[in-house]
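Here is the structure we will look at.
2 protein chains.
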Amino acid sequence: MTAPALTGPALTGPAPLPLAELHASLADPLLDAMTFLNEVTTRYPGAVSFAPGRPYEGFFEPEDVPAYLDAYLDHLAATGLSRDAIRTTLFQYGPTKGVIADLVARTLANDEGLAVAPEALVLTVGAQEGMLLTLRALCAGPDDVVLVSSPCYVGVTGAARLLDLATVPVPEGPDGGPDPAAVQAAAQAVRASGRRPRALYVVPDFANPSGTSMPVEARARLLATAAAADLLVIEDNPYGFFARDAAERPTLKALDRDRRVVYLGSFAKTCFPGARLGYVVADQEVAGPGGRRSLLADELAKLKSMTTVNTPALSQAVIGGMLLTHDCRLRAANAPATAHYAANMAALLAELERHFPAAERARLGLSWNVPEGGFFAVLTVGFAADDAAMERCARDFGVLWTPMAPFYPAGGGEHRLRLSISSLTPGQITDGVGRLADFIRAETAHAVAR
Amino acid sequence: MTAPALTGPALTGPAPLPLAELHASLADPLLDAMTFLNEVTTRYPGAVSFAPGRPYEGFFEPEDVPAYLDAYLDHLAATGLSRDAIRTTLFQYGPTKGVIADLVARTLANDEGLAVAPEALVLTVGAQEGMLLTLRALCAGPDDVVLVSSPCYVGVTGAARLLDLATVPVPEGPDGGPDPAAVQAAAQAVRASGRRPRALYVVPDFANPSGTSMPVEARARLLATAAAADLLVIEDNPYGFFARDAAERPTLKALDRDRRVVYLGSFAKTCFPGARLGYVVADQEVAGPGGRRSLLADELAKLKSMTTVNTPALSQAVIGGMLLTHDCRLRAANAPATAHYAANMAALLAELERHFPAAERARLGLSWNVPEGGFFAVLTVGFAADDAAMERCARDFGVLWTPMAPFYPAGGGEHRLRLSISSLTPGQITDGVGRLADFIRAETAHAVAR
Numbered sequence: 002m003t004a005p006a007l008t009g010p011a012l013t014g015p016a017p018l019p020l021a022e023l024h025a026s027l028a029d030p031l032l033d034a035m036t037f038l039n040e041v042t043t044r045y046p047g048a049v050s051f052a053p054g055r056p057y058e059g060f061f062e063p064e065d066v067p068a069y070l071d072a073y074l075d076h077l078a079a080t081g082l083s084r085d086a087i088r089t090t091l092f093q094y095g096p097t098k099g100v101i102a103d104l105v106a107r108t109l110a111n112d113e114g115l116a117v118a119p120e121a122l123v124l125t126v127g128a129q130e131g132m133l134l135t136l137r138a139l140c141a142g143p144d145d146v147v148l149v150s151s152p153c154y155v156g157v158t159g160a161a162r163l164l165d166l167a168t169v170p171v172p173e174g175p176d177g178g179p180d181p182a183a184v185q186a187a188a189q190a191v192r193a194s195g196r197r198p199r200a201l202y203v204v205p206d207f208a209n210p211s212g213t214s215m216p217v218e219a220r221a222r223l224l225a226t227a228a229a230a231d232l233l234v235i236e237d238n239p240y241g242f243f244a245r246d247a248a249e250r251p252t253l254k255a256l257d258r259d260r261r262v263v264y265l266g267s268f269a270k271t272c273f274p275g276a277r278l279g280y281v282v283a284d285q286e287v288a289g290p291g292g293r294r295s296l297l298a299d300e301l302a303k304l305k306s307m308t309t310v311n312t313p314a315l316s317q318a319v320i321g322g323m324l325l326t327h328d329c330r331l332r333a334a335n336a337p338a339t340a341h342y343a344a345n346m347a348a349l350l351a352e353l354e355r356h357f358p359a360a361e362r363a364r365l366g367l368s369w370n371v372p373e374g375g376f377f378a379v380l381t382v383g384f385a386a387d388d389a390a391m392e393r394c395a396r397d398f399g400v401l402w403t404p405m406a407p408f409y410p411a412g413g414g415e416h417r418l419r420l421s422i423s424s425l426t427p428g429q430i431t432d433g434v435g436r437l438a439d440f441i442r443a444e445t446a447h448a449v450a451r
Numbered sequence: 002m003t004a005p006a007l008t009g010p011a012l013t014g015p016a017p018l019p020l021a022e023l024h025a026s027l028a029d030p031l032l033d034a035m036t037f038l039n040e041v042t043t044r045y046p047g048a049v050s051f052a053p054g055r056p057y058e059g060f061f062e063p064e065d066v067p068a069y070l071d072a073y074l075d076h077l078a079a080t081g082l083s084r085d086a087i088r089t090t091l092f093q094y095g096p097t098k099g100v101i102a103d104l105v106a107r108t109l110a111n112d113e114g115l116a117v118a119p120e121a122l123v124l125t126v127g128a129q130e131g132m133l134l135t136l137r138a139l140c141a142g143p144d145d146v147v148l149v150s151s152p153c154y155v156g157v158t159g160a161a162r163l164l165d166l167a168t169v170p171v172p173e174g175p176d177g178g179p180d181p182a183a184v185q186a187a188a189q190a191v192r193a194s195g196r197r198p199r200a201l202y203v204v205p206d207f208a209n210p211s212g213t214s215m216p217v218e219a220r221a222r223l224l225a226t227a228a229a230a231d232l233l234v235i236e237d238n239p240y241g242f243f244a245r246d247a248a249e250r251p252t253l254k255a256l257d258r259d260r261r262v263v264y265l266g267s268f269a270k271t272c273f274p275g276a277r278l279g280y281v282v283a284d285q286e287v288a289g290p291g292g293r294r295s296l297l298a299d300e301l302a303k304l305k306s307m308t309t310v311n312t313p314a315l316s317q318a319v320i321g322g323m324l325l326t327h328d329c330r331l332r333a334a335n336a337p338a339t340a341h342y343a344a345n346m347a348a349l350l351a352e353l354e355r356h357f358p359a360a361e362r363a364r365l366g367l368s369w370n371v372p373e374g375g376f377f378a379v380l381t382v383g384f385a386a387d388d389a390a391m392e393r394c395a396r397d398f399g400v401l402w403t404p405m406a407p408f409y410p411a412g413g414g415e416h417r418l419r420l421s422i423s424s425l426t427p428g429q430i431t432d433g434v435g436r437l438a439d440f441i442r443a444e445t446a447h448a449v450a451r
């Protein structure tokens, strides 16, 4: 990638900053992979893209924003706030923990059966900031390590890299989620090396990138394993809503009896990403000097004063209005979105099945998983699903996907690719899988010929 | 401070997280001081508060928000974006560097005479995130050090602490701004200790907390000193607008001929804080592997993908609409605010003068600086201006202020207090200075008696 042309003053010095002198995190292979994917996407704008993990846009209307804002301001007025106090809430610096914790707590109670005290919540700029704050709070020194399920969402490994925090990958089990035995083994190995495993990061529902989910009994087992290994669990749940059997999927936090789980939530998929609103449930007790007790949420807020000071009141007001408009029940409000994603996932799986009957699948060394919801599925193919293959697929077949290898911190996934169905229509999926099938046949033939 | 009552599940374990096991930054004396100040503020709601550094609220109206949003969406339509593309801009994940860089660049050209390429801009969640990203990019390892003017804004020392980055305080000179000789000496001392001074953080205009500004000739001298010492300069400019002689105050960035200055901007005071919108101008060239060149702005964006992914489109749209509404000329738009702050500062200084004529001032060991604008002035008093004094002042005299000592990273400021005039009216200032005068007389008498 070449640097954009500059129209500023001529470049007379100092000498360019050597990248090696900037921090190592700036030269990240995963970021390079994402940058390359974005470049290819820009070069082939007509391609059907199974790449982006963003929500479908058809449910958003600009006219809704002022209506949501009004709903929130009316709510403030109804709770007795004066016009001046309302102005302060909307326009000023606000409490570091946020202003809509009560509405988020009501929504968590309604939608997840979670009894969360508003005081245990911190509103964040996306779940990403919550991840950063949580890692920073839990990992105290160079010996601290966080375990991450592998393949792993890039946000958590990125936040760890920003903080110079070591991550140790734990392979996902066959059912999805980190394998309990592997968690135990990883924690032991970390301890044996003189370091401290502090927490385990996991996406139990429809993980990004693998699309897999943990069975209910596996969730209880994982919590027991974490307790035995003295690990906190960081549960990230952006996709849990979008399932056929949503009510039967308790979060780890809902199963958590001893405050072992720090829960990361996001409104990016259930409301919209442009508000960049997420939150952390951190109800752990912290013992300070002189026996003083506080909540982990309050300690996270202190750290937040060093990252973004507070979460935009504007975003909180609009999302707060959206929660109020839907009676703090986003599951019901998202029923059309859930149906849309379910139809898309069904279309993807049906089209794959149609193009690749079992016999041909075996011949091509092809397989895929069957997610029960969410945005992602993973294909295992008989050739290297790398950047070069992705670019050939875009150029010659007009379809885009995401190579999986960069999601494996310890290597692996070279023959896997991620397909996201979230931002497409069923028609685009039918078209896209047709093109993808042609690519897979051509590429497998070339791989055999090579 | 006691932990808030929890309504969640009963606390059966794990054991409370020992604070010592959380990172040291969580037990920060400055944060403790701010927490205490907030507590006292809550306990004495009727007190006249010279404490908060927030802008005056009287210029904000909730009805303006939808109008600004509309102005931005109309602008997007006028530039040829389809309704679908507008929806994507407002609601989706967006470019990490932001979507309104062109409008910010136009505003910087109009208001500061800065020729900035939009590509060199990164929109951030407040200037605070810009600070964090800049420090993270510039400081590569345990030997890297950032010099900060002292007394120093808490945001930069906080961000450094979050990153485990060492800061070295450089005393402000008599005219405001870090003394060039002290900068040179500090850089040499750091080098002599085997570490690398990478950058100098400075607020040239109406610094928080000191209220002082650098004379123009001192600015050129500081840039020359930075060049000689091979330091980048991080210029933070939230208050530069609010001056009688604003046009005569070139930013360091405007004087910068060799891209030595990374410029942090904020819309918190010129628009409103609730959008949490700031930006970084980072037009430095970075040399990567294989001779690849990039802009520091692009490297900051990579780091930003690890902190907040992107800045809320909602905030950018509303502030973008505000910029468009004011023809990208915030100086003109802020004329009423500038006049308000100037009148307040004049009232503060006149009332101090009235209550403490020169002779009495000398007798009491009292003095203050005379800022030419901005939000802050500093009083030097004949007693310890600590938390206990602040609380006595709130309890017995109904007036609040901020102790200065926590702003000095290397100690100092024990007899100083910060007065902020930004969120008051001239009437409140007259009333408040009267109460403050009574407190100062009483406290000085006690100090002498002790």
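Residue numbers (my numbering), protein chains in the order written: chain A, 2 to 451; chain B, 2 to 451.
Even for Gly, the Cβ is constructed at its ideal location relative to N, Cα and C.
Tell me the DSSP secondary structure of residue i in three-state form.
i                      : result
residue 320 of chain A : helix
residue 57 of chain A  : coil
residue 62 of chain B  : coil
residue 135 of chain B : helix
residue 96 of chain B  : coil
residue 235 of chain A : strand
residue 213 of chain A : coil
residue 374 of chain A : strand
residue 328 of chain B : coil
Can you check whether the CB of residue j is closer than 8 Å to the CB of residue i?
i                      : j                      : result
residue 149 of chain B : residue 123 of chain B : no
residue 306 of chain A : residue 159 of chain B : yes
residue 408 of chain B : residue 152 of chain B : yes
residue 192 of chain B : residue 144 of chain B : no
residue 241 of chain A : residue 370 of chain A : no
residue 74 of chain B  : residue 63 of chain A  : yes
residue 229 of chain B : residue 139 of chain B : no
residue 163 of chain B : residue 97 of chain A  : no
residue 227 of chain A : residue 178 of chain A : no
residue 125 of chain B : residue 281 of chain B : yes
residue 418 of chain B : residue 382 of chain B : yes
residue 72 of chain B  : residue 403 of chain B : no
Using a C-beta to C-beta distance shorter than 7 Å, which residues of chain B count as neighbours of residue i?
i                     : result
residue 93 of chain A : 55, 58, 274, 275
residue 52 of chain A : The contacting residues do not exist; residue 52 of chain A stays about 13 Å from chain B at best.
Please classify residue i as buried or exposed, where buried requires at least 16 neighbouring CB atoms within 10 angstroms.
i                      : result
residue 295 of chain B : buried
residue 290 of chain A : exposed
residue 120 of chain A : buried
residue 182 of chain B : exposed
residue 438 of chain A : buried
residue 300 of chain A : buried
residue 447 of chain B : exposed
residue 434 of chain A : buried
residue 440 of chain B : buried
residue 361 of chain A : exposed
Anything in chain B within Cβ reach of residue i, meaning under 9 Å, just list it in chain order.
i                      : result
residue 101 of chain A : None at all; the shortest Cβ gap to chain B is about 13 Å.
residue 87 of chain A  : 63
residue 382 of chain A : Within 9 Å Cβ-Cβ: nothing; residue 382 of chain A doesn't reach chain B, min ~28 Å.
Tell me which residues of the region 262–286 of chain B have at least one Cβ-Cβ distance to chain A shorter than 7 Å, keeping chain order. 273, 274, 275, 276, 277, 284, 285, 286
Residues, ordered as in the chain, of the region 225–251 of chain B that lie near chain A by beta-carbon distance below 7 Å: none
Using a Cβ-Cβ cutoff of 7 Å, what residues of the region 146–162 of chain B are near chain A? List them in chain order. 159, 160, 162
Can you give me, in chain order, the residues of the region 111–133 of chain A that have a beta carbon less than 8 Å from any beta carbon in chain B? 116, 117, 118, 120, 121, 126, 127, 129, 130, 133
So if I threshold CB-CB distances at 8 Å, which residues from the region 287–307 of chain A count as touching chain B? Cβ contacts with chain B come from 287, 288, 289, 290, 293, 294, 295, 296, 297, 299, 300, 303, 304, 306, 307.
The region 330–352 of chain B: which residues have C-beta closer than 9 Å to a C-beta of chain A, in chain order? The region 330–352 of chain B vs chain A, Cβ under 9 Å: nothing.
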